[in-house]
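*Asks:* Supplied in structure tokens, the structure appears directly below.
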Amino acid sequence: MAAADAAGDDKIGAPELRFTLRSAEAEHLLDRELVRARLVYWEQPAAALEVAIRCQEQGRVLLVPALQSRALALQGAICLHRGDLGGAFALAAEAERVAGEDLTGRAELAALNTHLHFFSGSYGESMRQAEQAVDLADRAGDTGLRLHARRMACLAFANMGVEDLPRRLEELLALAVEGGDPWEEAISHNDLGHLRMTEGDLVAAAEHLATGMRIAHTLEPHNHFVLGVLHCTRAELSGRAGGHAYGLADAEWAITHLTAERDVNPYLLGMAVLVKVQTLLTLGRLDAARCAGEKALDRLGDHVPQARSMILSAVAGALHEAGRFEEAYDALARGAELERQALQEFSQLQMGLERARLEMAAARREADALSAKNRELERLQEQLRDQADRDFLTGLRNRRYLARVHDARVGPASLAVVDLDHFKAINDRFGHGAGDRVLVRVAELLVEHLRAEDIIVRTGGEEFAVLMPGTSEHEAGVCCERLRAMIAAEDWFPVAPGLAVTASIGVVSAPAEFDIAELERVADQRLYAAKRAGRNRVVGLDAS
5 MAAADAAGDD KIGAPELRFT LRSAEAEHLL DRELVRARLV YWEQPAAALE VAIRCQEQGR
65 VLLVPALQSR ALALQGAICL HRGDLGGAFA LAAEAERVAG EDLTGRAELA ALNTHLHFFS
125 GSYGESMRQA EQAVDLADRA GDTGLRLHAR RMACLAFANM GVEDLPRRLE ELLALAVEGG
185 DPWEEAISHN DLGHLRMTEG DLVAAAEHLA TGMRIAHTLE PHNHFVLGVL HCTRAELSGR
245 AGGHAYGLAD AEWAITHLTA ERDVNPYLLG MAVLVKVQTL LTLGRLDAAR CAGEKALDRL
305 GDHVPQARSM ILSAVAGALH EAGRFEEAYD ALARGAELER QALQEFSQLQ MGLERARLEM
365 AAARREADAL SAKNRELERL QEQLRDQADR DFLTGLRNRR YLARVHDARV GPASLAVVDL
425 DHFKAINDRF GHGAGDRVLV RVAELLVEHL RAEDIIVRTG GEEFAVLMPG TSEHEAGVCC
485 ERLRAMIAAE DWFPVAPGLA VTASIGVVSA PAEFDIAELE RVADQRLYAA KRAGRNRVVG
545 LDAS
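Counting with my numbering, you get residues 5 to 548 for the letters of the sequence shown.
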């Protein structure tokens, strides 16, 4: 889905899912909602957060940890976008605890961790997470996910100055065009414009920024963030080209766009203010620069100490050059204190996240070992259950199985009770060994001539039950008559010379929901009716 499509719709969240949906269908809908929210959260963080929170809860209800982890990672990214680094670390730690092996979820979490570690000063770990995010996204193969991973990784790659940064940024732009994502296309032109500027090619930089501006304006009204970024970069470009007045205007536009919505990205706002302060200092407007810096510090509050420290450092340098040493020292001291507090806070946050990772890794190892033991236990339990559910003589299921597995079912279905006639006389005349061989052969005949889905049970002694799912009363009657004739026509001479075996059958059908015990009761009544009528016959509804 293109970002323009998602960004053009204020109502990015779907209605609440009804859990009468099949689990797979519900998971698919939640996945789509998370993808849409991920596309637009830079411009619509409040709407995206609402979706992420709902998807997390529904993922919990559906017992799908991957959905929960992805929803938590998106919430963490939104918290970070708003400047709540502590909240983002907490959400990332929670996401780590429920994350599984889902490639999409792991890629999104690594992308979030890229920013978390960068803003907390752990630049090496930020690079490692960035590489991991890109690799996982490429393995997943989804274009939108590959774009997201690279967008988040850009922060680390660009600030750490990786050698292949030009290739990576060109690749990101190509992916944005391929995926039909104009927002990503506009922001990619900003990245390439900034790169060309640092390389000294100011003309190429201006061309990229102009293209990005043109695309960004087509995304109105959800384009304040991307326009803020573009104006900030163009302000810096104007300063390098000597157009400080234009640079100051662009810095003002950047701040206006970045503060246009309730949710302000404090890092980008800090960068825009820093460009403004530096431009004012270049123009010799020291007091105006200091005033703008102080105003920004109040606005930023406790967020992004790096940006606040850079603003204070820029002001301190200008104050020092102007001979206002006491004020310069005060600004530097404030900046140093911010750095100290940030270092302490970031160390604790990183330790919390690392603890969550270690706990999750240990839990996974323990879960894998437990899972292997459980599989073996389940196999043994299944063997024992199967043995308990089978008749030792015939190998058929027994009454216990019928009662446990088929307590209540939806029809149509039919139940036949098959009882061998005068079986006691067979045992008395031919011996119990011959009687056992008769039971085994009758069981074989039933298995050979009934369907695979029919449940054949030896209920005790010389009695069998046959549950026939999806079988009407007429069909069951025809089947039972065939079974009766088959038993009577069987050659029983190999068992014992002079042996003849017949069976009486009672059959009952249920057109809708039924209880197996009730069917057995009615089938038994009809079996007794068959016995009273002379045996070797089938009795159904018409004779009950």
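Even for Gly, the Cβ is constructed at its ideal location relative to N, Cα and C.
For the alpha helix (DSSP H) containing T202, list its first residue and its last residue.
*Replies:* P186 to E203
*Asks:* Any idea what DSSP makes of R394, helix, strand or coil?
*Replies:* R394 falls in the strand class under three-state DSSP.
*Asks:* Is there at least one Cβ from chain B nearer than 8 Å to L400's Cβ?
*Replies:* Looking at the structure shown, chain B is missing, and only one protein chain is on hand.
*Asks:* May I ask you to verify whether the stretch 439–449 touches the stretch 495–512, counting CB pairs closer than 8 Å and requiring at least 3?
*Replies:* yes
*Asks:* Go to E105, then tell me how far its alpha helix (DSSP H) extends in each direction, as first and last residue.
*Replies:* Unbroken run through E105: none, as it is neither H nor E.
*Asks:* What whole-angstrom Cβ distance do K535 and S513 have, given they're in contact under 8 Å?
*Replies:* In this structure K535 is not in contact with S513, their Cβ atoms being roughly 20 Å apart against a cut-off of 8 Å.
*Asks:* Thinking just about the alpha-carbon of each residue, which of A533, A94, E182 and E100 is nearest to the one in V511?
*Replies:* A533
*Asks:* In this structure, does DSSP put L400 in helix, strand or coil?
*Replies:* coil
*Asks:* Less than 8 Å between the beta carbons of L173 and D195, yes or no?
*Replies:* In this structure, D195 lies closer than 8 Å to L173 by Cβ.
*Asks:* So who's on the other strand from L419, going by DSSP bridges?
*Replies:* Looking at the DSSP assignment, L419 forms a beta bridge with L471 and V512.
*Asks:* Go ahead and label S192 buried or exposed: buried means 16 or more other beta carbons lie within 10 angstroms of its beta carbon, across all protein chains shown.
*Replies:* buried
*Asks:* Do F229 and N269 have their beta-carbon atoms positioned less than 8 Å apart in this structure?
*Replies:* yes
*Asks:* Can you look up V543 in the DSSP assignment and give me helix, strand or coil?
*Replies:* strand
*Asks:* If you run the structure through DSSP and keep just helix, strand and coil, what is F427?
*Replies:* helix
*Asks:* How is the alpha helix (DSSP H) around V499 delimited, first residue to last?
*Replies:* No alpha helix (DSSP H) holds V499; DSSP gives it neither H nor E.
*Asks:* Is the Cβ-Cβ distance between N402 and R394 less than 8 Å?
*Replies:* Yes, the Cβ-Cβ distance between N402 and R394 is below 8 Å.
*Asks:* Check whether the stretch 420–428 and the stretch 461–469 touch, using three or more Cβ-Cβ pairs below 8 Å as the test.
*Replies:* yes
*Asks:* Alpha carbon to alpha carbon, what distance is there between C59 and S27?
*Replies:* 14 Å
*Asks:* Who does A507 pair with in a DSSP beta bridge?
*Replies:* L424
*Asks:* So G216 and A190 are in contact, right, with Cβ under 8 Å, and what is the actual spacing, rounded?
*Replies:* 5 Å
*Asks:* Since T283 is in the alpha helix (DSSP H), which residue starts that stretch and which ends it?
*Replies:* In the DSSP assignment, T283 falls within the alpha helix (DSSP H) that extends over P270 to T286.
*Asks:* If you drop the 5 nearest sequence neighbours on each side, which residues of the same chain put their C-beta closer than 6 Å to that of G165?
*Replies:* none
*Asks:* Comparing alpha-carbon positions, which option in A293, E522, V505 and A516 lies nearest R541?
*Replies:* V505
*Asks:* Which value, in whole angstroms, describes the spacing of the CA atoms of E125 and Q62?
*Replies:* The amino acid at residue 125 is misidentified as Glu; the sequence shows Gly. When rounded, the distance between both Cα atoms is 35 Å.
*Asks:* So the candidates are A141, A134 and S418; which of them puts its Cα closest to the Cα of R525?
*Replies:* Comparing Cα positions, the closest option is S418.
*Asks:* Kindly indicate which three-state DSSP category R218 falls into: helix, strand or coil?
*Replies:* helix
*Asks:* Given that a residue counts as buried once 16 or more other Cβ atoms are within 10 Å of its Cβ, and exposed if not, what is H121?
*Replies:* It is buried - the Cβ of H121 has at least 16 other Cβ atoms within 10 Å.
*Asks:* Ends of the beta strand (DSSP E) at G165?
*Replies:* Unbroken run through G165: none, as it is neither H nor E.
*Asks:* Could you check how far apart the C-beta atoms of L287 and L272 are, in whole angstroms? I think they sit under 8 Å.
*Replies:* In fact, because the Cβ distance is near 23 Å, the residues do not count as touching under 8 Å.
*Asks:* Have a look at D519, A51 and H32 and flag the residue whose alpha-carbon is nearest the alpha-carbon of R266.
*Replies:* A51
*Asks:* Let me know the secondary structure DSSP gives G183 once reduced to three states.
*Replies:* Looking at G183 - three-state DSSP - the assignment turns out to be coil, as it is neither helix nor strand.
*Asks:* Hey, G183 and G148 are a contact pair by Cβ (cut 8 Å); roughly how many whole angstroms apart?
*Replies:* 6 Å
*Asks:* Tell me which residues share the same chain as D106 and place their Cβ nearer than 6 Å to its Cβ, disregarding the 5 neighbours each side in the sequence.
*Replies:* A70
*Asks:* Figure out for me which residue from D440, C158 and A115 has the closest Cα to the Cα of E100.
*Replies:* Here the closest residue by C-alpha is A115.
*Asks:* Return the residue from the list H85, A537 and A220 that minimises the CA-CA distance to D185.
*Replies:* A220
*Asks:* Looking at the structure shown, is A534 part of a helix, part of a strand, or coil, going by DSSP?
*Replies:* helix
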